[in-house]
Amino acid sequence: MNTLRIAMKNFCIETENLHYAFSSGQPILRNINLQVEEGSIYGFLGPNGAGKTTTMRLLLGLLKKQDGRVSIFNKDLEQHRIAILRQTGSLIESPSLYSHLTAYENLALLCKVYGTSVKQIDPLLQLVGLAGTGSKKAGQFSLGMKQRLSIAVALLNSPKLLVLDEPTNGLDPAGIIEIREMLKNINRQQGTTILVSSHLLAEIEKLVTHVGVIHKGALLFQGTLDALKAKQEQTSLIYFDTGDEVSTLRIIRDNHQQAYTENGKVVLPLPSKETIAAITRQLVQKDIAVYGVQTVQHDLETIFINLTNN
Amino acid sequence: MTFLQSIQSEWMKTRRSTAAVLVITGAFFIPSIIIFMRFVQREKLAAVYQSGSFWHNHFFKNWQVMAFLLLPLGVILCVSLITQLEYRNNTWKQLHTTPQSFTSIFFAKLTVILLMLLQFFVLFNIAIYISAVVPLLFSTKAVYPLQDIPWTDLLMVNVKFFIACLPVLAIQYLLSLRIKNFMLPLGAGIVLLVASTFAIQWEYGYMIPFTYTGYTYILNASANPEIKMPVNILLLSLIMFAAFTILGYWLYSSKKDKC
Numbered sequence: 183m184n185t186l187r188i189a190m191k192n193f194c195i196e197t198e199n200l201h202y203a204f205s206s207g208q209p210i211l212r213n214i215n216l217q218v219e220e221g222s223i224y225g226f227l228g229p230n231g232a233g234k235t236t237t238m239r240l241l242l243g244l245l246k247k248q249d250g251r252v253s254i255f256n257k258d259l260e261q262h263r264i265a266i267l268r269q270t271g272s273l274i275e276s277p278s279l280y281s282h283l284t285a286y287e288n289l290a291l292l293c294k295v296y297g298t299s300v301k302q303i304d305p306l307l308q309l310v311g312l313a314g315t316g317s318k319k320a321g322q323f324s325l326g327m328k329q330r331l332s333i334a335v336a337l338l339n340s341p342k343l344l345v346l347d348e349p350t351n352g353l354d355p356a357g358i359i360e361i362r363e364m365l366k367n368i369n370r371q372q373g374t375t376i377l378v379s380s381h382l383l384a385e386i387e388k389l390v391t392h393v394g395v396i397h398k399g400a401l402l403f404q405g406t407l408d409a410l411k412a413k414q415e416q417t418s419l420i421y422f423d424t425g426d427e428v429s430t431l432r433i434i435r436d437n438h439q440q441a442y443t444e445n446g447k448v449v450l451p452l453p454s455k456e457t458i459a460a461i462t463r464q465l466v467q468k469d470i471a472v473y474g475v476q477t478v479q480h481d482l483e484t485i486f487i488n489l490t491n492n
Numbered sequence: 016m017t018f019l020q021s022i023q024s025e026w027m028k029t030r031r032s033t034a035a036v037l038v039i040t041g042a043f044f045i046p047s048i049i050i051f052m053r054f055v056q057r058e059k060l061a062a063v064y065q066s067g068s069f070w071h072n073h074f075f076k077n078w079q080v081m082a083f084l085l086l087p088l089g090v091i092l093c094v095s096l097i098t099q100l101e102y103r104n105n106t107w108k109q110l111h112t113t114p115q116s117f118t119s120i121f122f123a124k125l126t127v128i129l130l131m132l133l134q135f136f137v138l139f140n141i142a143i144y145i146s147a148v149v150p151l152l153f154s155t156k157a158v159y160p161l162q163d164i165p166w167t168d169l170l171m172v173n174v175k176f177f178i179a180c181l182p183v184l185a186i187q188y189l190l191s192l193r194i195k196n197f198m199l200p201l202g203a204g205i206v207l208l209v210a211s212t213f214a215i216q217w218e219y220g221y222m223i224p225f226t227y228t229g230y231t232y233i234l235n236a237s238a239n240p241e242i243k244m245p246v247n248i249l250l251l252s253l254i255m256f257a258a259f260t261i262l263g264y265w266l267y268s269s270k271k272d273k274c
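First to last, the sequence lines map onto chains A and B.
Residue numbering for the first sequence follows our numbering, starting at 183 and increasing by one per position.
Residue numbering for the second sequence follows our numbering, starting at 16 and increasing by one per position.
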């Protein structure tokens, strides 16, 4: 079954029943089955404390796995940790930089580790907008600059997979847009798979192709952004404010729609435009006073909140 | 990815670090004081430099406070500062997501600490020589000693001091890797060092590794053949170093949270 699934879709990251608990036994992650398609930008969403960072730490081998399986590039993480990390770039939570060293020196020491040339440092600093920092130490950088340098660190080994935990923390709106465009370009031009976490859907919905929603350690939704948008359509409503609730309900049911009343208005899931027109026409024909017709479309943020609240 | 690359990367981190500054200032501290003292007592310099055992006396004068206090204290500080680089900068998680085995990371860091210790020994010996030459500028009567510098003997004593401080290095490395709070391993090291100053006169003082540099001084500075230890301090140092390094490696590699 697994072989068949892998043959159908190539997953860059796949976890099976990933479970993690505190030493007290309190679970942090419960049976997480993450499936990140190769070449996708996967938005990993959830409120603070939902389990995003723990999941990412497990994916990078920073936490010792307790139960379940982690596979990256179709290789088991435990057995091929170093080979996987060679092709992975990461940024977990706050920036990890040597404050007594310059931006160039921070990258140069990692070039040694990756066995790559220091020639790529200058273009990379240019890419993240830190080309002019010269001899300024990383400790003197603003949070936004540190975040940019951390992104440069993550990109240093031209990774096939980028794992970014809240990468736009501390960036101003212009910086957020810049980083978003940069990640899109990297994904498009180099085919890099990106797993990016955030607690704000609005912040990453313009970036991601796929979404996973985690809450209280459980994965509540996983799929394409389009699938989430389809869910949005399903939860949109239309309100009919008329002079006769009973007749309005009957007309709506005659049009094969399920409706209910709420605060004196008749409410139903948003049907097609044709159905709305037909219902309105029939109401007018039956001499029922129509005071108002109002549609309420839930944005993705509301869906996210609904998912995590339920 | 070779182990050598891991060492190079670790070495680059020490650039402009407090530990690197400590190595240089520590190496020149005692010789600078000796230069100052000889400047103050410059009328007595001629007699000092005419002594038949000038180099032996000069060398061990420099090593006296160093062996009993400053060398173990410097090792405690330097090791704590090197490991603290990762904690203070929140870089353990970055380091542990680079394609290096935990074994490489542990031993590359340890190698860099050993290299810094070696650097200290080289600089300290240069400073000792400078502290012998510079005071000659203060006195017209004092002349450069006629006797040859006993290079082989001095080198051997250096090797012995180096070996004698290895257990302190391994203990401090173990504690500093394990404990995030900088003050705890530092405090533990200083408490053990202070205890060792009392323990050195105790018949079982050799059970505390922080006494070994002091014992090495006593055994080598004095020409008295009756001074003997019930155990071979150098052999014990090497055994302790190996034991604490293995324990430190096990504690580090078995840590569940590598952030």
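Just so you know, even glycine gets a beta-carbon here, dropped at the ideal spot from N, CA and C.
Hey, residue i and residue j: beta-carbon distance below 8 Å or not?
i, j, result
"Ala82 (chain B)", "Thr228 (chain B)", "yes"
"Ser418 (chain A)", "Gln479 (chain A)", "yes"
"Leu344 (chain A)", "Ala356 (chain A)", "no"
"Ser278 (chain A)", "Asn235 (chain B)", "no"
"Leu338 (chain A)", "Pro114 (chain B)", "no"
"Cys194 (chain A)", "Ile274 (chain A)", "no"
"Leu199 (chain B)", "Pro87 (chain B)", "no"
"Leu410 (chain A)", "Leu389 (chain A)", "no"
"Leu240 (chain A)", "Lys234 (chain A)", "no"
In terms of residue numbering, what span does the beta strand (DSSP E) encompassing residue i cover?
i, result
"Gly225 (chain A)", "Ile223 to Leu227"
"Phe193 (chain A)", "Phe193 to Ala203"
"Thr406 (chain A)", "Ala400 to Thr406"
"Asp423 (chain A)", "Leu419 to Thr424"
"Gly474 (chain A)", "Val472 to Val478"
"Lys234 (chain A)", "Not the beta strand (DSSP E): Lys234 (chain A) falls in the alpha helix (DSSP H), residues Lys234 to Leu241."
"Val394 (chain A)", "Looking at the sequence shown, residue 394 (chain A) is not Val but Gly. Gly394 (chain A) -> beta strand (DSSP E) spans His392 to His397."
"Gly271 (chain A)", "Thr270 to Leu273"
"Glu444 (chain A)", "Tyr442 to Glu444"
"Gln65 (chain B)", "Segment Leu60 to Gln65 is the alpha helix (DSSP H) holding Gln65 (chain B); no beta strand (DSSP E) there."
"Lys455 (chain A)", "Run containing Lys455 (chain A): none in the beta strand (DSSP E); it sits in the alpha helix (DSSP H), Lys455 to Gln467."
So residue i contacts chain B; which residues on that side make the cut at Cβ distance below 8 Å?
i, result
"Ile264 (chain A)", "Met16, Pro114, Gln115 and Ser116"
"Tyr286 (chain A)", "Within 8 Å Cβ-Cβ: nothing; Tyr286 (chain A) doesn't reach chain B, min ~11 Å."
"Arg330 (chain A)", "Simply none; closest approach about 15 Å."
Buried or exposed for residue i, please, with buried defined as at least 16 other CB atoms from any protein chain shown within 10 angstroms of its CB.
i, result
"Pro224 (chain B)", "buried"
"His111 (chain B)", "buried"
"Glu456 (chain A)", "exposed"
"Val393 (chain A)", "buried"
"Tyr473 (chain A)", "exposed"
"Glu196 (chain A)", "buried"
"Ile361 (chain A)", "buried"
"Leu186 (chain A)", "Note that Leu186 (chain A) scores a pLDDT of 44, beneath 50, so its modelled location is shaky; the value from the coordinates is reported in the next line. Leu186 (chain A) should be labelled exposed."
"Ala258 (chain B)", "exposed"
"Ala62 (chain B)", "exposed"
"Ile359 (chain A)", "exposed"
"Asn184 (chain A)", "Because the pLDDT at Asn184 (chain A) is just 46, under 50, the model does not fix this residue reliably, and the value given afterwards should be weighed accordingly. Exposed, since its Cβ has fewer than 16 Cβ neighbours within 10 Å."
"Ala313 (chain A)", "exposed"
"Tyr159 (chain B)", "exposed"
"Gly67 (chain B)", "exposed"
"Asn367 (chain A)", "exposed"
What residues from chain B crowd round residue i, counting only those whose CB sits closer than 7 Å?
i, result
"Glu220 (chain A)", "In chain order: nothing, as chain B lies at least about 20 Å away."
"Lys246 (chain A)", "Lys271"
"Arg268 (chain A)", "Pro114"
"Ala290 (chain A)", "Met27"
"Ile210 (chain A)", "Chain B residues near Ile210 (chain A): none, gap ~12 Å exceeds 7 Å."
So residue i contacts chain B; which residues on that side make the cut at Cβ distance below 9 Å?
i, result
"Arg239 (chain A)", "Lys108, Asp272, Lys273 and Cys274"
"Val335 (chain A)", "Gln109"
Assuming residue i is part of the alpha helix (DSSP H), what are its boundary residues?
i, result
"His71 (chain B)", "Phe69 to Val80"
"Asn213 (chain A)", "First-last for Asn213 (chain A): Pro209 to Ile214, but that is the beta strand (DSSP E), not the alpha helix (DSSP H)."
"Val428 (chain A)", "Glu427 to Asp436"
"Arg251 (chain A)", "Taken as a continuous stretch (DSSP letters only), Arg251 (chain A) belongs to no alpha helix (DSSP H), being part of the beta strand (DSSP E) at Asp249 to Ile254."
"Pro87 (chain B)", "Leu86 to Arg103"
"Ser379 (chain A)", "Premise fails: Ser379 (chain A) lies in the beta strand (DSSP E), Thr375 to Ser380, not in any alpha helix (DSSP H)."
"Lys108 (chain B)", "Trp107 to Leu110"
"Val55 (chain B)", "Thr33 to Val55"
"Glu387 (chain A)", "Per DSSP, Glu387 (chain A) belongs to no alpha helix (DSSP H) and is neither H nor E."
"Lys124 (chain B)", "Phe117 to Val148"
"Lys447 (chain A)", "Here Lys447 (chain A) belongs to no alpha helix (DSSP H); instead the beta strand (DSSP E) covers Lys447 to Pro451."
Can you name the residues of chain A whose CB is closer than 8 Å to the CB of residue i?
i, result
"Ser32 (chain B)", "His282"
List, in order along the chain, the chain A residues whose C-beta lies closer than 7 Å to that of residue i?
i, result
"Phe111 (chain B)", "At residue 111 (chain B) the sequence reads His, which differs from the Phe that was named. Near His111 (chain B) (Cβ distances below 7 Å), the residues of chain A are Leu244."
"Gln23 (chain B)", "Lys294"
Secondary structure, beta strand (DSSP E): runs of 3+ residues fully inside the segment 284 to 359 of chain A: 343 to 347
Whole runs of the alpha helix (DSSP H) within the segment 161 to 200 of chain B, excluding any shorter than 4 residues: 166 to 179 and 181 to 193
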